[in-house]
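Q: Got a structure here, written out as structure tokens. Questions coming.
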């Protein structure tokens, strides 16, 4: 019989954790429960931990973390219990779901009724978007709406995806981040005859090669980029980037901004890169990255997922003179997961995806897990696993 | 016989003019000379006058005004003399040119050899782009490479366009600014099923409705926008905007930034505009305009043609959270003039294009002309005409 | 009290009508009933009448008309009765609906679950798309799923739109056709620097200017086309086209295909049009229209909504050599109606939209109505109105 | 000293060859001469050999092979002699060229003056495009404008590209075909959120995997396709396709059209492919391929480079009902060669590019070479090498 008490790692305030028990949730015909195998620690979780708790600032979706929460949204697990209709209706691509099937989920819950849902479905511009692991206070039932838990409750309006048999949990846990690299598919859309975005053979710079940046490196390679340049302050991460497809790396250590910009230009016949993607979460990376783009180049702001303050920008120099195309990208499309997992399966032999998860901690060691996640010289992806004994 | 001495209005330093004589230029088989009818005073000329003399900052095309110059590039005039091959080769669309034909020209001289010219011809991303009225010191022959002059020398590598017979000079002088509104054609390209850019029926905000902004108002109307909102500090200009197709106007006078942002939202079902175009030349307009765009909205930086310094931007709030698509637009395509003049002819009856030029000054009254051009409550487009007697 | 028996015009087989009574439908909390003011006769209805009864041939949505049906889907009417939740949930843009409100509806019912609905929501690529007035046999309850009726039943999964107060019924009835002209918004998306689609100032040919083609003429004008050429066999329709914005007309009478192709080229500097839209419903129009497009031109197949057989095409000549971009367009986005009605309101003074409906027949005179609809020299849009007495 | 008499393989009429001598050409300051290492036999050459001699039919560029010609345009060789200015001006990306440098060239000569060159430079929509190896009668000086020759004369208006040192001749000879796969970059441009073109993880069908189709297989892989299906009648070629990245193959032998269409659907969850590319040169492949595309799928007509007659198409079924996006693609952009060679170098270790050239024949054995080129069960790319002794 299933344990009626579910262990979770709760963030009660920025920087503060508590291991708590919640009742195992009741499901109706349209929902299900996942028994978790693991759940990643994501940059968003780190923003929240540091007290950067405002998301979607200035938009109708603006949110302030409703502590206490159960963090975590890079989820992989197995169906523990499933409602009658959920079995045939909840899997995104229409597959039947049975108890024991391995699944991942998209953290975003979309309202389906606002202007954006009506006019641009498929991408979470939703005015009322709310994220698992982030937007739901765990004081209220069904409590279990975050991934650092033994079980997670899946609402009828969530998006769940069956994991192909050939992917084990340590690779399937990358599905969300691979879906996030839709950023590069988007940049690629802009490509027309050398004008914008990047074509096959073009140059892509990734600023910051933590887990999210690393997946962008691999995706740039998958999409046919001709030269991929990774930038980071951690040599450990830069070596990872090389293994995931980067051609060149530039360290923040011992270099000035001007030297790094010059280094990118030197690698691109003096021009700058076709596409630069910010995966750092740091505002100061942005003017630096804008200088690294070529004329008509594309700059993707993808990492500053929480409000981290202002930075001075010179609109003539950074936008107009260079004819920059800048894309602010938050979230990713629910429709991207199926192909994400196809790519993870297809490129397992090309990139060492099995080394992506570097550390596993049971959720009752959440403090250690989080500490490791911040150690950019020792860890790539840290995941939280079920509670021990 | 033609006068051998050509009168010009020379800018010798920011804010300083001198009326000078230069020899009438010799032409070869591939060039021509235009006898000017009029030449507009453009925002770029005003930037230079104020000492904002760095253009294309931070790019390979970066330029610093090489005083003394003959300013002026919104040119209309008649062919005064034409070389043998120029007669059949110089007109952009392949029309034959004869002495007496009315023409306009594109100010940009492209190198034709750099990466951008080779890979993206059609839009001046050229690394070595140089502009008539701006980038050529008039100390050196052929001297006459600016429009505030009785004659202008047209290089073999320039772009010249025959004016349709139905356009008189006061409308033809708008050709360049109408070509600049390609900014909106570009924004429209991004439109896909409500996602980005603007579709027919969409909302467009124009920040600043001087001559350049005013043409954007008309163009937004021509492209099927459903609601056009003009913003300016001058009631005179806002009235003009209404006559050129704006549905709503917002004055900077007596309103705060927050009130203006709220006013735009109130006009757009609370969402913000699909597209916002900066036509102000002022850095501080940019964060305000970014707040006026809806989620996934498009922001076009078009007015800060010279370096006017920095402004604080919040990358989470202004770019990522709202999923902004920002386009930096400098220059315009040489291929845009033919259609620009078609549009000027087609919409003469719809918009009062004949009221666009509000003031004419002979070039020996250049100081008065410039003073008037800065008087945003009395003048729309001020033009310089040939020297008197 | 409401009459419990609803009069309808039923098509029992191709070419055969019967006026029948059905019970007034019962609604639940999520549906509503419209009392019709009028409903257009559309080209699709004419296809069905002629026995061209296969739609979406060769696709998962392939349908064969399930006679008997109540035809008609260009619907305008007033809310007669409305369920409790429908009042706040059914209107597309989120407006509250009350009894007496004027509404239009989109005929398409989408499944919401297939690959296309999941991945490309917003455009009816739906594998199971079914249309009001077409895909529902009226033998079964709720019977009233077509517009040639005194009342129509609106399912909870249908799309309904409140009509702006300034539009009377004879203009609101155009909403669907205006939404269909999304064809041109789509073609415009392809535009990049003169390459494809059409820019402002470009040339658009409309083959066939019955009601659907006529709306495309107006829309091309609204979108800033520089020259619009209408082709038809009826001088009556060609005069209409001139009034709705066509610059030039070409009659099929007394001209050969080669002459018409030549006429289009003569109007386009010898090049052919940027965009050609087939609005004829006749297969033989297609090779002719393909010859009218310029190199790299865009050809939209929009009129052959039912299977009308084969036509010989030369793939080298018609596709490859000319680098044609061909778009097959069926249906239109549900999200297009709001802007459609905005455009109808905005351009009422520019185009004589009030002359679009030329004939009204009560539904018990359906035979006369259909006969008139086929009389292309006397009628533009024929509508069916409620039964008499 | 250089031999003053140059040996060439001349096609004097369809199916007829003659080995002829021409004088070594004189160059001026702006042109150069290449000593050939090898030159491929292309599908276009085979069309001409079979008497399919009309190209660009129905367009202003329509051409009829002006026999006698020196065929061949997939060229690789070394600079034998070079004019003074050619040395610094002729190489596309601005590199200096010296005698002995290995180069490839783009066969297309563009006029630079027509509407298309002015408005859409970068892609040979040119009204007057003429191809090396095809459009120049060799009776007239400089005679040597085709690749089946010991030397080739390079006009000042041609496009020449220096070969990276790491590419040997047998790989460099693939540069043009790799540039032709721009077809897929183009199809990818249409991708927006699952709607059109193909995203990473999408499905691509290549009809016909001779040399051109084979390169499309590799390119689809490079661009991140998730499933690549190759179709051909030769098992030899299908095995090649597997080695170049195809996931699945379908043979024309022993299958009906309906079975092949069904096979594609079975591999794509019943939907059909996102993109289908015709690389067969056979008209009858087109309706079959159109049936293989999913709703909203993209069909690229790329192989029927010469007029091969008509085929019946059902416009409702093949275009409208399925919402097909069809792209007719002829030629390829001159700007594509630099990146083509980058990709050849980058993916040498992934695909067995060194096996692509299967047969080499000296040009005095041109009959044998051509016979082998038609033997689709024994040869992939057949190249012509310099004359013996």
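Residue numbers (my numbering), protein chains in the order written: chain H, 1 to 389; chain U, 390 to 778; chain D, 779 to 1167; chain A, 1168 to 1556.
The C-beta atom is built at its ideal place from N, Cα and C for all residues, glycine as well.
Where does the unbroken beta strand (DSSP E) through residue 1159 of chain D begin, and where does it stop?
A: Within the third chain, residue 1159 of chain D is the residue found at index 381, counting from 1. Residue 1159 of chain D -> beta strand (DSSP E) spans 1159 to 1163.
Q: Quick check: the Cα distance between residue 477 of chain U and residue 421 of chain U, rounded to an integer number of angstroms?
A: In the second chain, residue 477 of chain U corresponds to position 88, counting from 1. In the second chain, residue 421 of chain U corresponds to position 32, counting from 1. Roughly 12 angstroms separates the two Cα atoms.
Q: Which residues mark the beginning and the end of the alpha helix (DSSP H) in which residue 757 of chain U is found?
A: Along the second chain, one-based indexing puts residue 757 of chain U at 368. Run containing residue 757 of chain U: 755 to 762, per the alpha helix (DSSP H) assignment.
Q: Reducing DSSP to helix, strand and coil, say where residue 1183 of chain A ends up.
A: Locating residue 1183 of chain A in the fourth chain gives position 16, where the first residue counts as 1. Residue 1183 of chain A: strand per DSSP, three-state reduction.
Q: Contact criterion: CB-CB distance below 8 angstroms. Does residue 774 of chain U meet it with respect to chain A?
A: On the second chain, residue 774 of chain U is found 385 positions in, with the first residue counted as 1. Chain A contact via Cβ: absent.
Q: Could you work out which residues of chain A lie near residue 502 of chain U, taking near to mean beta carbons separated by less than 8 angstroms?
A: Taking the second chain and counting its residues from 1, the one referred to as residue 502 of chain U is at position 113. Correct list: 1256 and 1261.
Q: Any C-beta of chain H sitting closer than 8 angstroms to the C-beta of residue 700 of chain U?
A: Working through the second chain from its first residue, we reach residue 700 of chain U at position 311. Closer than 8 angstroms to some Cβ of chain H, the Cβ of residue 700 of chain U qualifies, so yes.
Q: Which chain D residues are close to residue 1207 of chain A, counting only those with a beta carbon under 7 angstroms from its beta carbon?
A: Numbered from its first residue, the fourth chain carries residue 1207 of chain A at position 40. The premise fails here: residue 1207 of chain A is roughly 20 angstroms from chain D at the closest Cβ pair, so nothing lies under 7 angstroms.
Q: Taking only the alpha-carbon atoms, compute the straight-line gap between residue 1152 of chain D and residue 593 of chain U and give it to the nearest angstrom.
A: In the third chain, the residue the question calls residue 1152 of chain D occupies position 374. In the second chain, the residue the question calls residue 593 of chain U occupies position 204. Taking the straight line joining both Cα atoms gives about 41 angstroms.
Q: When you compare only the Cα positions, how much space is there between residue 1152 of chain A and residue 334 of chain H?
A: In the structure as shown, chain A begins at 1168 and stops at 1556. Residue 1152 of chain A is therefore absent and cannot be evaluated.
Q: So, is residue 1165 of chain D buried or exposed, given that buried needs 16 or more other C-beta atoms within 10 angstroms?
A: Position 387 of the third chain holds residue 1165 of chain D. Answer is buried; the Cβ neighbour count reaches 16.
Q: Cα separation between residue 1336 of chain A and residue 536 of chain U?
A: Indexing the fourth chain from 1 puts residue 1336 of chain A at position 169. Indexing the second chain from 1 puts residue 536 of chain U at position 147. Going by the C-alpha atoms only, they are around 54 angstroms apart.
Q: Name the residues in the segment 1484 to 1502 of chain A whose C-beta lies less than 7 angstroms from a C-beta of chain D; which are they?
A: Answer set for the segment 1484 to 1502 of chain A: 1484, 1486, 1487, 1488, 1489, 1490, 1491, 1492, 1493, 1494, 1495, 1496 and 1497.
Q: In chain U, which residues lie less than 9 angstroms from residue 344 of chain H when you measure between Cβ atoms?
A: As a first step, residue 344 of chain H is located in the first chain; it is residue number 344 there, counting from the start. Correct list: empty, because the minimum Cβ distance to chain U is about 25 angstroms.
Q: Hey, how far is the Cα of residue 795 of chain D from the Cα of residue 1144 of chain D?
A: Position 17 of the third chain holds residue 795 of chain D. Position 366 of the third chain holds residue 1144 of chain D. Those two C-alpha atoms are separated by around 7 angstroms.
Q: As a quick exercise: from U:735, U:565, U:603 and U:705, pick the residue whose alpha carbon is nearest that of residue 745 of chain U.
A: In the second chain, counting from the first residue as 1, residue 745 of chain U sits at position 356. Taking only the C-alpha atoms, the option nearest residue 745 of chain U is U:603.
Q: Please classify residue 503 of chain U: is it buried, with 16 or more other beta-carbons within 10 angstroms of its beta-carbon, or exposed?
A: For this step, residue 503 of chain U is matched to residue 114 along the second chain. Label assigned to residue 503 of chain U: buried.
Q: Quick one: grab the DSSP three-state call for residue 898 of chain D.
A: Residue 898 of chain D sits at position 120 when you count from the first residue of the third chain. Looking at residue 898 of chain D - three-state DSSP - the assignment turns out to be helix.
Q: Under 8 angstroms between beta-carbons, which chain H residues line up against residue 404 of chain U? List them in chain order, please.
A: Translated into the one-based positions of the second chain, residue 404 of chain U becomes position 15. What residue 404 of chain U touches in chain H: nothing, since even the nearest Cβ is about 20 angstroms away.
Q: What are the uninterrupted segments assigned as alpha helix (DSSP H) that are 4 or more residues long and contained completely in the segment 522 to 585 of chain U, given in chain order?
A: Here the runs fully enclosed are 558 to 561, 564 to 569 and 571 to 578.
Q: With 16 as the cutoff for other CB atoms within 10 Å, does residue 1433 of chain A come out buried or exposed?
A: Within the fourth chain, residue 1433 of chain A is the residue found at index 266, counting from 1. Classification of residue 1433 of chain A: exposed, given that the 10 Å Cβ count is below 16.
Q: Do you know how far the Cα of residue 263 of chain H is from the Cα of residue 600 of chain U?
A: Taking the first residue of the second chain as 1, we reach residue 600 of chain U at position 211. Taking the first residue of the first chain as 1, we reach residue 263 of chain H at position 263. Distance between the alpha carbons of residue 600 of chain U and residue 263 of chain H is about 41 angstroms.
Q: Can you tell me whether residue 701 of chain U is buried or exposed, with buried defined as 16 or more other CB within 10 angstroms of its CB?
A: In the second chain, the residue the question calls residue 701 of chain U occupies position 312. That one is exposed.
Q: How would you list, in chain order, the residues of chain A whose beta-carbon sits under 9 angstroms from the beta-carbon of residue 963 of chain D?
A: Along the third chain, one-based indexing puts residue 963 of chain D at 185. Neighbours of residue 963 of chain D on chain A: none; closest Cβ ~14 angstroms, over 9 angstroms.
Q: From which residue to which residue does the beta strand (DSSP E) around residue 677 of chain U run?
A: By 1-based counting over the second chain, the position of residue 677 of chain U is 288. No beta strand (DSSP E) holds residue 677 of chain U; the alpha helix (DSSP H) holding it covers 674 to 681.
Q: Could you please give the first and the last residue of the uninterrupted alpha helix (DSSP H) stretch that includes residue 477 of chain U?
A: The count along the second chain starts at 1 and reaches residue 477 of chain U at position 88. 475 to 478 is the span of the alpha helix (DSSP H), which, as asked, contains residue 477 of chain U.
Q: Return helix, strand or coil for residue 843 of chain D, following the three-state DSSP convention.
A: Your numbering for residue 843 of chain D matches position 65 in the third chain. Coil.
Q: Return no unless some Cβ of chain A is closer than 8 angstroms to the Cβ of residue 189 of chain H.
A: Locating residue 189 of chain H in the first chain gives position 189, where the first residue counts as 1. Yes, its Cβ sits closer than 8 angstroms to a Cβ of chain A.
Q: Counting only C-beta atoms, is residue 753 of chain U closer than 8 angstroms to chain H at any point?
A: Within the second chain, the letter at position 364 stands for residue 753 of chain U. Chain H contact via Cβ: absent.
Q: Is residue 361 of chain H helix, strand or coil when you go by DSSP?
A: By one-based count along the first chain, residue 361 of chain H stands at place 361. Here residue 361 of chain H sits in strand by DSSP.
Q: Determine whether the Cβ of residue 1117 of chain D lies closer than 8 angstroms to any Cβ atom of chain U.
A: Within the third chain, the letter at position 339 stands for residue 1117 of chain D. It does: the Cβ of residue 1117 of chain D has a partner Cβ on chain U nearer than 8 angstroms.
Q: Output, in sequence order along the chain, the residues in the segment 666 to 681 of chain U whose CB is closer than 7 angstroms to any CB in chain H.
A: So the list reads 672, 675 and 680, given in the order they occur along the chain.
Q: Could you tell me the alpha carbon to alpha carbon distance between residue 1005 of chain D and residue 855 of chain D, rounded to whole angstroms?
A: The residue given as residue 1005 of chain D occupies position 227 in the third chain. The residue given as residue 855 of chain D occupies position 77 in the third chain. Whole-angstrom Cα-Cα distance: 36 angstroms.
Q: Less than 6 angstroms between C-beta atoms, sequence neighbours within five positions excluded: which residues of the same chain meet that for residue 136 of chain H?
A: The residue you call residue 136 of chain H lines up with position 136 of the first chain. The residues are 145.
Q: Roughly how many whole angstroms lie between the Cα atoms of residue 489 of chain U and residue 726 of chain U?
A: Start at 1 with the first residue of the second chain, and residue 489 of chain U comes out as number 100. Start at 1 with the first residue of the second chain, and residue 726 of chain U comes out as number 337. Rounded to the nearest angstrom, the two C-alpha atoms are 20 angstroms apart.
Q: So, using beta-carbon positions, are residue 904 of chain D and residue 839 of chain D closer together than 8 angstroms?
A: For the purposes of this step, residue 904 of chain D is taken as residue 126 along the third chain, with counting starting at 1. For the purposes of this step, residue 839 of chain D is taken as residue 61 along the third chain, with counting starting at 1. A contact, by the Cβ cut-off of 8 angstroms.
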